[in-house]
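Protein chains in written order, with the working numbering: chain A, 1 to 448; chain B, 1001 to 1448. C-beta: ideal position from N, C-alpha, C; glycine also. None of these values were measured; they are calculated from a predicted model. Only one structure is covered here, and it is reproduced in the block below.
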């Protein structure tokens, strides 16, 4: 497809991608929605002020007038766009293809340099609720084997339902946000009965994807051209309490996908998690990549879903459901100030599809809202070099490995940075996800 | 204290209480903040339009101009008021005492009949994140005894930290919201390996209190008189990622308390909860009472906290921490259309104080926001008539009990209603909480 913004072949943000994010610049420090195209950002707020926007199927206030929920700052983000439905997202994508493929290039009034250090990325949406699944068979098997042995690795429920826990929305941050090593209760030695209060000694990452739900208003005609008023009335609706979605319905209400690092404090987790699950061990920081890749961009990279043995209950059957073949990489920067690859996996290693996870979430009638974030759980590949966490890679810390000049790597040390990247290839272009990156700062001093 | 609005002695909403809620009337269907006083509601949005408001220490837009986060409806609620700090809440309480204790009665322009069927209550705040604790020793002991026997009842971590899980904010509803019996995966018989999809057969309530956090901006001087602009800059702040609160600090940032029913699907819970905790079994509906009782109203009812044996780690010690002596009652309306008392407990049966729970939540640096809701967990009293759930009262369903004309009560049946009430007494007046009530509707039909 022709694009008036030039970029080399294999660029992560070609015209076939068009991921959405929220950015600001030194010149205009107000965060606003944009679309990544080559090394530029198409400023959607600025675009609404040009004649080009006359043909947009989505009204201008969607990109320029929405307050950030939960705060009284009047910045704009992608909340209103995400709260539309798939027909609108598709229509807007066609509109973007149209204005980017014209012969006449777009001007500086709407194109901003993306890679300038003065361009900052922000949280793309206000997250309603955040839920994290545990959907990779390989990860569940690896963890179960390390803890209980290979013959008892899988819990009885795992092959029947997508296991998940509610996470913490307030501590989800955008790539580049550094954070302090958490402190909490841990056992100094495994058999101890009295815990100590200490900085976490087993800080881990988890290689995941996150997906964002859109509007659940099932009654709007697919072709309805939305006006701002229309959207205020019909758009941005949550499911009603008690409403249940099939995997097919659920799939239609997914806006897009990000990289997600569910940083985990393993020693805090081990002590606290019985019987109600992980709490403080996973609520201190969750990092997402700034660009949300749309389901329409991902669609060409669909591959078969897992064979489910035993068969799933009918409410979880996903006719036509697919996984997505997105290559994923984890890199760590440690003592020698260079990133080293520690794992290569893929988004296709999910036993349950995105639609199955979202449908299961709605089973009991839990209200799902536009802007909810759902994590897939750690995506480990069935290969020794495809492990999505240090817990697995270091075998619970028992088998240190080499990482550049560091010869005894197990868990993260202060100053270490972790970077997740993702890309889908093989159709003549690349769909990139950008970076999901964070640096571990030392623990804050203990209270007096 | 004199009050120009008349009410009988022992009324749940005397001038010493002044709980905050959001209401609407047939005449004015726009939800808006109000204060319960006797059988009236003082309409705070209307009050801002009268000369009386000139003396208010809180600016008018706090009650009249805030959008509901997560939605694009422009209704007002208590988000902005909750996002202030304790000094402002106290100053506004003094202001309310002043205008209510004048000789001259307030007029119909600001007083609305509270008990009229046309007066409806709404969600008082937009909940940021919802977390549920497990802080009653008696409840944890009872559940542990039923499942593992009395000698193994308590898990090793329970006496060291307030165990909790992240809940689902989107399905928290206000009293009076009926809901459908959830369906999900359960085991038809305990030893089965293949689950079935079925309406829940063990639907339970949980008698809890919820508490709401306010602003965490620790740097504003306690005497600062807030302007709207000031509040936009300094008010409504979350804790920074990594910031940790002591129990004493945390206590100062609690806005108030509600009754909370954490409806639970026990059979879904049993099958799904290993290893990540309860998920669908507790995310289909959580009911709160509409009136938030302030910590200032509760303060006279403080009683000693539990003796902690073994001693808590220093970060959890709460010097001067108290529990609150609030009588709690659970009633069920079943076959004979009358409410029958099934349990009498008290808010004082918490092993951990509210301050300890909130402080623990911040331990690893999890960002706490104004409007977060934290549940105490089921509050069972150390008496056979003080059990806060049907799981305990029916001994896992094994020991049916009489409930009016129903002689074989175990778990809830379609059409049953559950009502929680609470009141603090003994200082010459009553602090009431109103009702926390809901009716169980039949399960929705299964998908084709």
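Contact test: residue i Cβ vs the ligand HEM heavy atom, cutoff 7 Å
i, result
"residue 1094(B)", "In the structure on display, the ligand HEM does not appear, and there are no ligands present to speak of."
Collapsed DSSP secondary structure at residue i in the structure displayed
i, result
"residue 220(A)", "The pLDDT assigned to residue 220(A) is 35, lower than 50, so where the model puts this residue is not dependable, and the model offers no usable value."
"residue 457(A)", "Outside the displayed range of chain A (1 to 448) lies residue 457(A), so it cannot be described from this structure."
"residue 1040(B)", "strand"
"residue 1100(B)", "helix"
"residue 204(A)", "strand"
"residue 303(A)", "strand"
"residue 8(A)", "coil"
"residue 1282(B)", "helix"
"residue 1033(B)", "strand"
"residue 391(A)", "helix"
"residue 88(A)", "helix"
"residue 143(A)", "helix"
"residue 1013(B)", "coil"
"residue 82(A)", "helix"
"residue 296(A)", "helix"
"residue 1319(B)", "coil"
"residue 167(A)", "coil"
"residue 479(A)", "This structure leaves residue 479(A) out entirely; chain A is present only between 1 and 448."
"residue 1113(B)", "strand"
"residue 1478(B)", "Residue 1478(B) lies beyond the range of chain B shown here (1001 to 1448); nothing can be said about it."
"residue 1179(B)", "strand"
"residue 63(A)", "helix"
"residue 256(A)", "strand"
"residue 125(A)", "coil"
Beta bridge counterpart(s) of residue i as assigned by DSSP
i, result
"residue 339(A)", "333(A)"
"residue 327(A)", "346(A) and 423(A)"
"residue 1406(B)", "1403(B)"
"residue 438(A)", "418(A)"
"residue 287(A)", "173(A) and 261(A)"
"residue 1197(B)", "1185(B)"
"residue 1132(B)", "1165(B) and 1375(B)"
"residue 154(A)", "In DSSP, residue 154(A) forms no bridge with anything."
"residue 1411(B)", "None; residue 1411(B) has no bridge partner."
6 Å Cβ shell around residue i - same chain, five flanking residues per side excluded
i, result
"residue 1018(B)", "1035 and 1096"
"residue 1192(B)", "none"
"residue 1099(B)", "1052"
"residue 1163(B)", "1134"
"residue 1202(B)", "1266, 1267 and 1411"
"residue 1064(B)", "1045, 1048 and 1076"
Own chain partners of residue i with C-beta closer than 7 Å, once the 5 adjacent residues on each side are dropped
i, result
"residue 319(A)", "248"
"residue 1158(B)", "1140"
"residue 1145(B)", "1153"
"residue 1114(B)", "1036, 1039, 1040 and 1041"
"residue 138(A)", "349, 380, 381 and 382"
Neighbourhood of residue i by C-beta distance below 8 Å, restricted to the same chain and skipping five residues each side
i, result
"residue 1322(B)", "1302, 1303, 1304, 1305 and 1353"
Residues that residue i contacts on chain D, provided the C-beta gap is smaller than 8 Å
i, result
"residue 1412(B)", "Structure shown: chain D not included; protein chains present are A and B."
(request) Determine contact between the segment 104-120 of chain A and the segment 23-35 of chain A, defined as no fewer than three beta-carbon pairs at a distance below 8 Å. (result) yes
(request) Report yes or no: do the segment 383-403 of chain A and the segment 1286-1294 of chain B share at least 3 C-beta pairs separated by less than 8 Å? (result) no
(message) If contact is defined by three or more beta carbon pairs under 8 Å, each pair taking one atom from either stretch, is the segment 404-418 of chain A in contact with the segment 147-158 of chain A?
(response) no
(message) Closer than 8 Å is the cut-off here; do at least three beta carbon pairs connect the segment 180-200 of chain A with the segment 1369-1385 of chain B?
(response) no
(message) Closer than 8 Å between beta carbons: that is the criterion. Which residues of the segment 1259-1290 of chain B meet it against chain A?
(response) 1265, 1268, 1271, 1272, 1273, 1274, 1275, 1276, 1277, 1278, 1279, 1280, 1281, 1283, 1284 and 1285
(request) Would you list, in chain order, the members of the segment 1173-1193 of chain B that have their beta-carbon closer than 8 Å to a beta-carbon of chain A? (result) 1173, 1177, 1179, 1180, 1182, 1183, 1184, 1185 and 1193
(request) With 8 Å as the C-beta to C-beta threshold (strictly closer), list the residues of the segment 1360-1374 of chain B near chain A in chain order. (result) 1360, 1361, 1363, 1364, 1365, 1366, 1367, 1368, 1369, 1371 and 1372
(request) Note down, in chain order, all residues in the segment 1110-1130 of chain B with a beta-carbon under 9 Å from any beta-carbon belonging to chain A. (result) 1126, 1128, 1129 and 1130
(request) Could you run through the segment 1331-1345 of chain B and flag, in chain order, every residue whose CB is less than 7 Å away from some CB of chain A? (result) none
(message) Taking 8 Å as the cut-off, does the segment 205-213 of chain A touch the segment 256-272 of chain A (at least 3 CB pairs, one atom from each stretch)?
(response) yes
(message) Can you confirm whether the segment 419-436 of chain A touches the segment 326-342 of chain A when touching is taken to mean that 3 or more C-beta pairs between the two stretches lie within less than 8 Å?
(response) yes
(request) Residues of the segment 149-170 of chain A with a CB closer than 7 Å to any CB of chain B: list them in chain order, please. (result) 155, 156, 157, 160, 161, 163, 164, 165, 166, 167, 168, 169 and 170
(message) Three Cβ pairs or more, each shorter than 8 Å: is that satisfied between the segment 1269-1282 of chain B and the segment 361-369 of chain A?
(response) yes
(request) Check distances from the C-beta atoms of the segment 315-329 of chain A to those of chain B and list, in chain order, the residues that come in under 7 Å. (result) 315
(request) Check each residue of the segment 1032-1064 of chain B: if its Cβ is closer than 7 Å to any Cβ of chain A, include it; give the result in chain order. (result) none
(request) Compile a chain-ordered list of the residues in the segment 1298-1314 of chain B whose CB is closer than 8 Å to at least one CB of chain A. (result) 1310, 1313 and 1314
(message) Would the segment 165-182 of chain A count as touching the segment 432-444 of chain A if we require 3 or more Cβ pairs under 8 Å?
(response) yes
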